[in-house]
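Following UniProt numbering from start to finish, the sequence shown increments by one per residue and tops out at 131. Ideal placement from N, C-alpha and C gives every residue a C-beta, glycine not left out. Okay, so here's the structure we're looking at.
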Amino acid sequence: MKKGYRELLDEANAEIEVVSPEEAAGLLDDEDTIFVDLRDPREVERDGRIPGAKHVTRGMLEFWIDPESPYHKPFFASGKSFVFFCAGGWRSALATKTAQDMGLSPVKHILGGYTAWKAAGLPVEPGEKKK
Numbered sequence: 001m002k003k004g005y006r007e008l009l010d011e012a013n014a015e016i017e018v019v020s021p022e023e024a025a026g027l028l029d030d031e032d033t034i035f036v037d038l039r040d041p042r043e044v045e046r047d048g049r050i051p052g053a054k055h056v057t058r059g060m061l062e063f064w065i066d067p068e069s070p071y072h073k074p075f076f077a078s079g080k081s082f083v084f085f086c087a088g089g090w091r092s093a094l095a096t097k098t099a100q101d102m103g104l105s106p107v108k109h110i111l112g113g114y115t116a117w118k119a120a121g122l123p124v125e126p127g128e129k130k131k
């Protein structure tokens, strides 16, 4: 293997902005910041969510960001700041690097992800099953 996941994570974390759960919580009520939840739908349903976060499955991220994609989501072209997170911070580190490489700015991710957010006692909402 030329490059394993640890090397990819190290490279991503060296190039992106990483914030603690507490720092991210300070942005929760900022109308110019969008939280992006990259977890699998089953994780969100089972573990809950950060209030107001947009759910974007990791596999669709690039397609939702790119304005030329038929799957583009307008909130990614809003000019707002983005805070990415997943369960533990690995997927969100790689996703933040990808979004940054695509030109999305400013972007950052939560160190330790949703697990660290919950452990810090920060606001969460129950997950809901999609109908």
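Original post:
Which same chain residues, not among the five before or five after K129, have their C-beta less than 8 Å away from its C-beta?
Top reply: The residues are E45.
Original post:
Relative to the alpha-carbon of A95, which residue among M1, K3, E11 and K2 has its alpha-carbon at the smallest distance?
Top reply: For A95, the closest of M1, K3, E11 and K2 by C-alpha to C-alpha distance is E11.
**OP:** Return the CA-CA distance between I16 and K97, expressed in angstroms with no decimal places.
**Re:** Pairing I16 with K97, the inter-Cα distance amounts to about 6 Å.
Original post:
How long is the line joining the alpha carbons of G26 and M1, rounded to whole angstroms?
Top reply: Whole-angstrom Cα-Cα distance: 40 Å.
**OP:** Go ahead and pull the three-state DSSP assignment for E128.
**Re:** Coil, per DSSP.
Subject >> Three or more C-beta pairs below 8 Å linking the region 81-90 and the region 104-121 >> reply: Between the region 81-90 and the region 104-121, the count of C-beta pairs closer than 8 Å reaches three or more; the two stretches touch.
Original post:
Using the C-alpha atoms, what's the distance from A99 back to L122?
Top reply: If I take the Cα positions, the gap works out to 26 Å.
Original post:
Would P21 be called buried (16 or more neighbouring beta carbons within 10 Å of its own) or exposed?
Top reply: Per the 10 Å Cβ criterion, buried.
Original post:
Where do the ends of the alpha helix (DSSP H) carrying I65 lie?
Top reply: Per DSSP, the continuous alpha helix (DSSP H) segment holding I65 begins and ends at L61 to I65.
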